[in-house]
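Asks:
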Amino acid sequence: GETEEEILRVDMLENQIMDFRMSLVMVCYNPDFEKLKPGYLEQLPGKLKLFSNFLGDRKWFAGEKLTFVDFLMFDVLDQNRIFEPKCLEPFKNLKDFVERFGVSRGTPRSPLGGAATVGAPLTLCVCPQALEKVAAYLKSSRFQKMPINNKMAKWGNKKL
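The sequence shown lines up with residues 7 to 166 when you count with my numbering.
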């Protein structure tokens, strides 16, 4: 982020995204996955609503410029769409956000392929052509939608 508000939004969101990612990870790696899955799905709309409210009518989560947290958020939203394909339906702004990465509705894919590495620079300036390249990669035969988790996980651990 460039302004103090953008920097604060990026800082807060990075930590919230990682907590959100870990909540799915904790279910996916738990031996009681099948018992825990309904509880995760029950609380998912509430978490997504918080992110939807945080995004509001902004193009990107920090504001008008793309930052590294947008890539983190794309990744975790996409993983949740794979886990529950209809989860973003009530949240038009989150669906629109995902589509800005060149991913059409109903085609969940993730450019990061799972847990992201944090600690990147606060601002990642990406031109529209770069997002076009991300979109092209997501549609290519080189891209693998799954696995998104290690083989020890109870879900998301196998190639499709």
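Positions of the beta carbon are idealized from the N, C-alpha and C atoms, including for glycine.
1) Would you kindly work out how many angstroms separate the C-alpha atoms of V31 and F74, rounded to a whole number?
2) Hey, out of K164, L78, L144, whose CA is closest to M28's CA?
3) Contact between the region 54-66 and the region 90-104 is defined here as three or more beta-carbon pairs at a separation below 8 Å; is this criterion met?
4) Where do the ends of the alpha helix (DSSP H) carrying G62 lie?
5) Does the Cβ of R64 have 16 or more other Cβ atoms within 10 Å, making it buried, or fewer, making it exposed?
6) Pick out whichever of F26, N155, E105 has its Cα sitting closest to the Cα of V140.
Replies: With the given structure in hand:
1) Straight-line measurement puts the Cα of F74 at about 21 Å from the Cα of V31.
2) Relative to the Cα of M28, the nearest Cα in the group K164, L78, L144 belongs to L78.
3) Cβ pair count under 8 Å is three or more, so yes.
4) Per DSSP, G62 lies in no alpha helix (DSSP H) segment and is marked neither H nor E.
5) When all chains shown are included, R64 counts as exposed.
6) Here the closest residue by C-alpha is E105.
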